[in-house]
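Numbering (mature numbering (1 follows the signal peptide of the UniProt record, and there is no 0)), first residue to last: -21 to -1, 1 to 310.
Cβ coordinates follow ideal geometry from the N, Cα and C atoms, glycine included.
Step one of this worksheet: look at the structure below.
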Amino acid sequence: MIRNSLLTALMALAAPAISLAEGTQPVIDTTTKDTSAAANGTLGTDASACPLSGSLTVGYNTNYIGRGIVISHSVAEGDSSEFAALKLNYELNEKWSIDSTLAYTMVSSGHTLYGNPNFAPAFEIMGIKGPIKEANIENEFAVVTALTYREKEWGVSFGHDFIHGGLLGVMAKHYRDQGASCVNEFFINPMWTPSSAPWFDVECTVRYSCQGITGWWFEPKMHFKAPLIGTAENPRLAGVIEVGLSATADYFESRYFACSNGCQAYWVKFMLPYFMTDDFIVTPSLSLNWIGRAAIKANKVSEYSMLSGNPDNRPFRNFGLVAGISCTYRF
């Protein structure tokens, strides 16, 4: 099989796009070493193998992405984001493992919504009165914990996300007026790699947010991967393509007229993990992200766009071309 390699998130959120912070699992997992006896081609227990492994990842993206949605420059007062993630994996046995991730994403931002434009200091729309809030996307901190079960062709993860800041933090604090930019989610993520096509896998993360903002997120994804330099057992350079989408159900209430449930974003992401050593991997990436029909509504009815007369004062980019690079050290 192709060696596991890095897909970072987002982180996200979002990862998404692909984000460790948002609980998504890497496609070719270079973030942790597989020390199980089955993976090492041996029978029984390998007494010399340490059950604990991990990785440290740092990276940069040309835009901030939350659950596949590329945030507009006018919202963030900036474009790029930098991130770091520490991931630990503990092998309970050949089939069960525990994964924990701490991730932090810095959003290039002026930290005032739309630059807090000096207009309409006392506007009123559908019973909502101004002035415009001095608030926007905060830096994102996430703690992800998962219990994973794996068979030869399939696996499933169960876990919990705690996320402070980022896109979900904005929704919790300013859509639901919670006073805190944090959400708690539980998720399940079934995964399948057919033995007849090891170059392909599919997964679907289902999350339920139970605090901050309540409702469902769905993220089905397909991955295609192959060694470009080297062999499948020992690649030097690999190619990975991810195709995915994110959607919500019962997440946005009717009184939040700017948001709708349904397809929020879809994307195609290209990655080239380069194995400089067995434990140090550099991964350039390029992601093409489109917002879905549900998110388009938020752009069309943006009150800030209407009040300012500036069509660029809208929350999301209809299309984003996001380049990134990340470096991972495994231990």
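- Contact between the region 28 to 42 and the region 69 to 85 is present, with at least three C-beta pairs closer than 8 Å.
- When the beta-carbon positions are compared, S264 and G303 come within less than 8 Å of each other.
- For K131, the secondary structure class from DSSP, reduced to helix, strand or coil, is coil.
- According to the DSSP assignment, I275 belongs to the alpha helix (DSSP H) that extends over R272 to K279.
- D140 is bridged by DSSP to V123 and E164.
- Looking from the CA of L147, the closest CA among F120, G241, T124 and G271 belongs to F120.
- By the Cβ rule, the region 210 to 224 counts as touching the region 253 to 264, because three or more pairs are nearer than 8 Å.
- DSSP places L207 inside the beta strand (DSSP E), whose first and last residues are G194 to G209.
- With 16 or more neighbouring CB atoms inside 10 Å of its own CB, S34 falls in the buried class.
- Taking the Cα of F259 as reference, the smallest distance to any Cα among V247, K279, S266 and S305 is reached at S305.
- Judged by their CB atoms, V162 and G191 are nearer to each other than the 8 Å cut-off.
- One thing to note: V135 has its Cβ within 8 Å of the Cβ of P169.
- Just measuring C-alpha positions, the residue of Y245, Y283 and E117 sitting nearest A226 is Y245.
- For L35, the uninterrupted beta strand (DSSP E) run begins and ends at L31 to N40, by DSSP.
- For S60, the enclosing beta strand (DSSP E) begins and ends at S60 to E70.
- The three-state reading of DSSP puts S53 in helix, counting H, G and I together.
- The straight-line gap separating the alpha-carbon atoms of G288 and G194 is approximately 33 Å.
- Residues of the same chain with a CB within less than 7 Å of the CB of C242, apart from the 5 flanking positions on each side, are L224, A226, G271, R272 and A273 in chain order.
- For the set K66, H202 and W196, the Cα lying nearest the Cα of V181 is the one of H202.
- Looking at the DSSP output, I260 bridges to F254 and T307.
- Within the same chain, and ignoring the five residues on either side of F310 in sequence, the residues whose Cβ sits closer than 6 Å to its Cβ are G33.
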